[in-house]
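In this note's numbering, the protein residues as written are 8 to 176.
Shown next, in the form of structure tokens:
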């Protein structure tokens, strides 16, 4: 018997906004958020003009803000963020995810966002069967390096991740 597969994008599809920006503001405060984005604005403009890679800009900003942080602290921030920002989830999207799971489907949440904060959004909903395919952060000796251990899960990388996840089942 064939099992149905549902793949959902996260930012802007299951949520009402980009969670990277919301997470940074939550974790570092509005002042630091604005300072860092002002600091990196030349790169962000180049990125929007497709003259600088999206993943590289994202990684540079992530490294600036989180490199050296203990993974336990980062994960706790991610869990707290998901708990406090449940309002970002679109109720209709959460209902669709839940209905797919109840029907016995395999469900992937595929996102360019860091999987550490995407996963807790669904744990707090009581939905434990989703598999999050997101950008993974690199850690060394229990601390974030500021780099990503996988390619940014964006565009064609989403298809590669889904294919890889299905082939390993």
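For glycine and all other residues, C-beta sits at the position ideal for the given N, C-alpha and C. The model shown is predicted, which means the values in this text are computed figures rather than measured ones.
- Within the same chain, Cβ atoms closer than 8 Å to the Cβ of residue 129 are found at 104, 116, 135, 137, 139, the five residues on either side in sequence being excluded.
- Between residue 78 and residue 151, the C-beta spacing is below 8 Å.
- With a cutoff of 8 Å on beta-carbon distance, residue 64 and residue 54 are scored as near each other.
- Judged by DSSP secondary structure, residue 82 falls within the alpha helix (DSSP H) whose first and last residues are 78 to 91.
- Ranked by Cα distance from residue 34, the options 160, 168, 124 are led by 124.
- Per DSSP, reduced to three states, the secondary structure at residue 70 is helical.
- For residue 164, the secondary structure class from DSSP, reduced to helix, strand or coil, is helix.
- Excluding its 5 nearest sequence neighbours in each direction, residue 149 has C-beta neighbours in its own chain below 8 Å: 77, 78, 79, listed in chain order.
- Between residue 17 and residue 120, the CB-CB gap stays under 8 Å.
- The Cβ-Cβ distance between residue 13 and residue 114 falls below 8 Å.
- Around the beta carbon of residue 29, 16 or more other beta carbons lie within 10 angstroms, which makes this residue buried.
- Annotation: the continuous alpha helix (DSSP H) that includes residue 44 extends over 26 to 46.
- In the three-state scheme derived from DSSP, where H, G and I count as helix and E and B as strand, residue 122 is classed as helix.
- Our two residues, residue 159 and residue 62, have alpha carbons roughly 6 Å apart in a direct line.
- Across the structure, residue 68 and residue 93 are spaced so that their CA atoms are roughly 24 Å apart.
- The beta carbon of residue 51 sits closer than 8 Å to the beta carbons of 44, 64 from its chain, once the five residues preceding and following it are set aside; these are given in chain order.
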